[in-house]
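Participant: This is the structure I have questions about; it appears just below.
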Amino acid sequence: MELRDYAEALRKYWLLLVVLAIVGGGAAFAVAQSTPPTYRATAKVFVSVEQGETVTELVQGSTFAQNIVQSYAQLATMPVVLQPVIQQLGLDATPRDLAKAISADTPLNTVIVEISAQDGDPEQAAAIANTTARSLAATVHEVSPARADGSSSVEVRVVSPAETPVYPIAPNTKFMTATGVLVGLVIAAIAAIVMQLLDTRVRTEKDIERVTDAAVLGTVAQVRGQGDRRRAVMIERPRSPQAEAYRKIRANLRFVGAAHELKSLVITSARAGEGKTTTATNLALAMAEGSLRVLLIDADLRRPMVDTVCGLEGSVGLTTVLIGSATADEVLQEWGETGVTVLTSGAVPPNPLQLLDSQQMADLLRSLAERFDVVIVDAPPVMPVADAAVLSRLCSGVLVVAGAGRATRQLLRKTLTSLDAVGANVLGIVLARAAKRDVSDYYGYGYHAKDGGPGKRRKAAPVPSAAPFPPAPADAAGNGESRRTRDVAAPTA
283 MELRDYAEAL RKYWLLLVVL AIVGGGAAFA VAQSTPPTYR ATAKVFVSVE
333 QGETVTELVQ GSTFAQNIVQ SYAQLATMPV VLQPVIQQLG LDATPRDLAK
383 AISADTPLNT VIVEISAQDG DPEQAAAIAN TTARSLAATV HEVSPARADG
433 SSSVEVRVVS PAETPVYPIA PNTKFMTATG VLVGLVIAAI AAIVMQLLDT
483 RVRTEKDIER VTDAAVLGTV AQVRGQGDRR RAVMIERPRS PQAEAYRKIR
533 ANLRFVGAAH ELKSLVITSA RAGEGKTTTA TNLALAMAEG SLRVLLIDAD
583 LRRPMVDTVC GLEGSVGLTT VLIGSATADE VLQEWGETGV TVLTSGAVPP
633 NPLQLLDSQQ MADLLRSLAE RFDVVIVDAP PVMPVADAAV LSRLCSGVLV
683 VAGAGRATRQ LLRKTLTSLD AVGANVLGIV LARAAKRDVS DYYGYGYHAK
733 DGGPGKRRKA APVPSAAPFP PAPADAAGNG ESRRTRDVAA PTA
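Those letters in the sequence shown? Residues 283 to 775, per the numbering used here, in order.
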């Protein structure tokens, strides 16, 4: 993963970060509130040596005091000092237990011992510190070398008695809460990165590039608020960014298929629900805008949907022709004024694969390819059935649709492998139903929300088409009449 992938993981799972940060901070705050407070009081004692009569004796006394002050700090936590403290204050503890609540430190280059005591009762903490300081002074008087007159040569005096503390030193509620929030964020970040690594769903063009070198011909954003409902956005919202995406796919197909004439195109996906039918219908509309004679065939004989999207009769169609009950001219239907001719699937047969893999299907596609500039075939998904693989051998190329958030990298790889195994010409991949944030060019130039409403379709000016979609030639009289008028019969009533 690159740095931007980590940032994408955090952005994608931002809600997880927020939740765990709140949970971590709340848990730490609860622990802090339930923890009994601890107070600390500090008493300071001064260690000195009886004054000498000469300067040399004074220097020697000062050096001696600095040398032994560390020993006295250690002495403050020993039973000889703490046992009298326990007796005087009536504490229910042993010297070992009390030593854990007392600390003695000596600031550098000083002869001062700071005795600190911690307790849940602020007054008790101050009393323990002061009593320990006095007990240390008495003990030092007993263990220090005696002078000639029997007095102690070292004197320990309490110079700063401990005062009752006002604020506890623990728990530090703010620090604990901040630490809990930080720990929650770290756990959430790790979880987000792990989930991102384990998530193999295709969401962006970059995910497709990790699977194959095939060109990504376009990315179509999902129409907001429409969910998975199939839509002909080229009619309902002809100036929307989605419609522009289909026009871009049309333009890219011309370049991809420039090496040879692309007369027929199979559109399929790895599995159902990825947007192949939506792509097929809208791409047909986009191609018809360029004055091409476009035929859309619903070859999904298992779950046909083209008739529903187009609002056409679906009881007769491809299966009717393949079984010899009607001719193609009798079942072809014009899709309103879109310029697209549609061959619906007809009745769902019990043997769809046998029909599609028949000589009648090959002959039908060959004859229709001669009468139309481009034939678009909506095929079943590749992974569940072999229909798309069979159709790919009968057509000039295959366009694979990957549904963002639905397709996985493993399934997409297996789909492309299956098509390669039968010698299919995979022209490229279309990423459908992508999230708006994942489409970098979602906001097209010069488009506004009001331009994409239903009923506001603007007729596109005819554009001379380039290979592999040649324009319709003029007739013998030179009047430029479309072959569709002469070769394609109107649908029967």
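In this text, a Cβ means the ideal position worked out from N, Cα and C, and glycines have one as well.
For residue 401, which residues of its own chain have a beta-carbon under 7 Å away from its beta-carbon, when the five flanking residues on both sides are left out?
Facilitator: The residue given as residue 401 occupies position 119 in the sequence shown. The residues are 321, 383, 407, 410.
Participant: Does the beta-carbon distance from residue 497 to residue 538 come in below 8 Å?
Facilitator: Reading the sequence shown from its first residue, position 215 is the one you call residue 497. Reading the sequence shown from its first residue, position 256 is the one you call residue 538. The answer is yes: Cβ separation under 8 Å.
Participant: Give the list of continuous alpha helix (DSSP H) stretches no shorter than 4 residues that lie fully inside the stretch 369–433.
Facilitator: Segments of the alpha helix (DSSP H) lying fully in the stretch 369–433: 377–382, 404–425.
Participant: Around the Cβ of residue 326, are there at least 16 other Cβ atoms within 10 angstroms (buried) or fewer (exposed)?
Facilitator: For this step, residue 326 is matched to residue 44 along the sequence shown. With 16 or more Cβ atoms within 10 Å of its Cβ, residue 326 is classed as buried.
Participant: With three or more C-beta pairs closer than 8 Å as the rule, is the stretch 700–716 touching the stretch 464–482?
Facilitator: Judged by Cβ distances under 8 Å, the stretch 464–482 makes no contact with the stretch 700–716, as fewer than three pairs qualify.
Participant: To the nearest angstrom, how far is the alpha carbon of residue 366 from that of residue 314?
Facilitator: The sequence position of residue 366 within the sequence shown is 84, counting from 1. The sequence position of residue 314 within the sequence shown is 32, counting from 1. Approximately 34 Å, taken between the alpha carbons.
Participant: Consult DSSP for residue 573 and reduce its assignment to one of helix, strand or coil.
Facilitator: Indexing the sequence shown from 1 puts residue 573 at position 291. Residue 573: coil per DSSP, three-state reduction.
Participant: Quick check: the Cα distance between residue 644 and residue 633, rounded to an integer number of angstroms?
Facilitator: Sequence index remark: in the sequence shown, residue 644 carries index 362 (1-based). Sequence index remark: in the sequence shown, residue 633 carries index 351 (1-based). Cα-Cα distance, rounded: 17 Å.
Participant: Do you know whose CA, among 604, 653, 640, lies nearest residue 629's CA?
Facilitator: Here residue 629 refers to the residue found at position 347 of the sequence shown. It is 604.
Participant: According to DSSP, is residue 713 part of a helix, a strand, or is it coil?
Facilitator: Locating residue 713 in the sequence shown gives position 431, counting from the first residue. It is a strand residue.
Participant: Among 674, 690, 390, which has the Cα closest to the Cα of residue 707?
Facilitator: The sequence position of residue 707 within the sequence shown is 425, counting from 1. Residue 674 is the option with its Cα nearest to residue 707.
Participant: Taking the alpha helix (DSSP H) that residue 646 falls in, what are its first and last residues?
Facilitator: Counted from its first residue, the sequence shown places residue 646 at position 364. Segment 641–653, the alpha helix (DSSP H) holding residue 646.
Participant: Distance check for residue 670 and residue 534, CA to CA, integer angstroms please.
Facilitator: As a first step, residue 534 must be located in the sequence shown, where it is residue number 252. As a first step, residue 670 must be located in the sequence shown, where it is residue number 388. For residue 534 and residue 670, the distance between alpha carbons rounds to 22 Å.
Participant: Bridge partners for residue 546 per DSSP, in chain order?
Facilitator: Taking the first residue of the sequence shown as position 1, residue 546 is located at position 264. Beta-bridge pairing links residue 546 to 657.
Participant: Taking all protein chains shown into account, decide if residue 655 is buried (16 or more other Cβ within 10 angstroms of its Cβ) or exposed.
Facilitator: Position 373 of the sequence shown, counted from the first residue, corresponds to residue 655. Classification for residue 655: buried.
Participant: Name, in chain order, the residues that DSSP records as bridge partners for residue 330.
Facilitator: One-based indexing of the sequence shown puts residue 330 at position 48. In the DSSP output, where bridge partners are listed per residue, residue 330 has 437.
Participant: Pick out whichever of 607, 517, 460, 699 has its Cα sitting closest to the Cα of residue 592.
Facilitator: Within the sequence shown, residue 592 is the residue found at index 310, counting from 1. The option with the nearest alpha carbon to residue 592 is 517.
Participant: Going by beta-carbon coordinates alone, are residue 331 and residue 435 separated by less than 8 Å?
Facilitator: The sequence position of residue 331 within the sequence shown is 49, counting from 1. The sequence position of residue 435 within the sequence shown is 153, counting from 1. A contact, by the Cβ cut-off of 8 Å.
Participant: Quick check on DSSP: helix, strand or coil for residue 287?
Facilitator: Along the sequence shown, one-based indexing puts residue 287 at 5. The answer is helix: DSSP assigns residue 287 an H, G or I state.
Participant: Let me make sure I understand the geometry here. Which of 305, 690, 647, 710 has the alpha-carbon closest to that of residue 481?
Facilitator: Taking the first residue of the sequence shown as 1, we reach residue 481 at position 199. When only C-alpha atoms are compared, the closest one is 690.
Participant: Is the CB-CB distance between residue 578 and residue 568 below 8 Å?
Facilitator: The count along the sequence shown starts at 1 and reaches residue 578 at position 296. The count along the sequence shown starts at 1 and reaches residue 568 at position 286. Their beta carbons are not under 8 Å apart, which means residue 578 does not touch residue 568 by this criterion.
Participant: For the alpha helix (DSSP H) that contains residue 297, what are its first and last residues?
Facilitator: Looking up residue 297 in the sequence shown gives position 15. That run of the alpha helix (DSSP H) goes 296–316.
Participant: Please classify residue 679: does DSSP put it in a helix, a strand, or coil?
Facilitator: Taking the first residue of the sequence shown as 1, we reach residue 679 at position 397. Here residue 679 sits in strand by DSSP.
Participant: Would you identify the three-state DSSP class for residue 504, choosing helix, strand or coil?
Facilitator: Residue numbering aside, residue 504 sits at position 222 when the sequence shown is read from its first letter. In this structure, residue 504 counts as coil in the three-state DSSP scheme.
Participant: Give a yes or no on whether the C-beta atoms belonging to residue 444 and residue 412 are separated by under 8 Å.
Facilitator: Locating residue 444 in the sequence shown gives position 162, where the first residue counts as 1. Locating residue 412 in the sequence shown gives position 130, where the first residue counts as 1. A contact, by the Cβ cut-off of 8 Å.
Participant: Between 620, 294, 318, which has its C-alpha nearest residue 572's C-alpha?
Facilitator: Against the sequence shown, residue 572 aligns to sequence position 290. Ranking the options by Cα distance to residue 572, first place goes to 620.
Participant: How would you call residue 575, buried or exposed, if buried means at least 16 neighbouring beta carbons within 10 angstroms?
Facilitator: Translated into the one-based positions of the sequence shown, residue 575 becomes position 293. Classification for residue 575: buried.
Participant: In terms of residues, what are the limits of the alpha helix (DSSP H) holding residue 625?
Facilitator: In the sequence shown, counting from the first residue as 1, residue 625 sits at position 343. Per DSSP, residue 625 belongs to no alpha helix (DSSP H); it is in the beta strand (DSSP E), 622–625.
Participant: Going by beta carbon distance, what residues of the same chain come within less than 6 Å of residue 624, once the five residues before and after it are set aside?
Facilitator: The residue labelled residue 624 in the question sits at position 342 within the sequence shown. Once the five neighbours on either side are set aside, the close Cβ partners of residue 624 are 578, 592, 594, 615, 617.
Participant: Restricting to Cα atoms, I'd like to know which of 680, 386, 375, 324 is closest to residue 352.
Facilitator: Indexing the sequence shown from 1 puts residue 352 at position 70. Considering only alpha carbons, the answer is 386.
Participant: For residue 462, does the three-state DSSP call read helix, strand or coil?
Facilitator: Walking along the sequence shown from the start, residue 462 turns up at place 180. DSSP places residue 462 in helix when its eight states are reduced to three.
Participant: Can you look up residue 528 in the DSSP assignment and give me helix, strand or coil?
Facilitator: Counting from 1 along the sequence shown, the entry for residue 528 is found at position 246. Looking at residue 528 - three-state DSSP - the assignment turns out to be helix.
Participant: What does a CB cutoff of less than 8 Å around residue 375 pick up in its chain, not counting 5 residues either side in sequence?
Facilitator: Counted from its first residue, the sequence shown places residue 375 at position 93. Excluding positions up to five away in sequence, the list reads 368.
Participant: Quick one: grab the DSSP three-state call for residue 608.
Facilitator: The count along the sequence shown starts at 1 and reaches residue 608 at position 326. Residue state, collapsed to three classes: coil.
Participant: Are there three or more Cβ pairs, one per stretch, closer than 8 Å when the stretch 488–497 is compared with the stretch 543–563?
Facilitator: Counting Cβ pairs under 8 Å, fewer than three are found: no touch.
Participant: Which residues bound the alpha helix (DSSP H) around residue 588?
Facilitator: Here residue 588 refers to the residue found at position 306 of the sequence shown. Residues 588–592.
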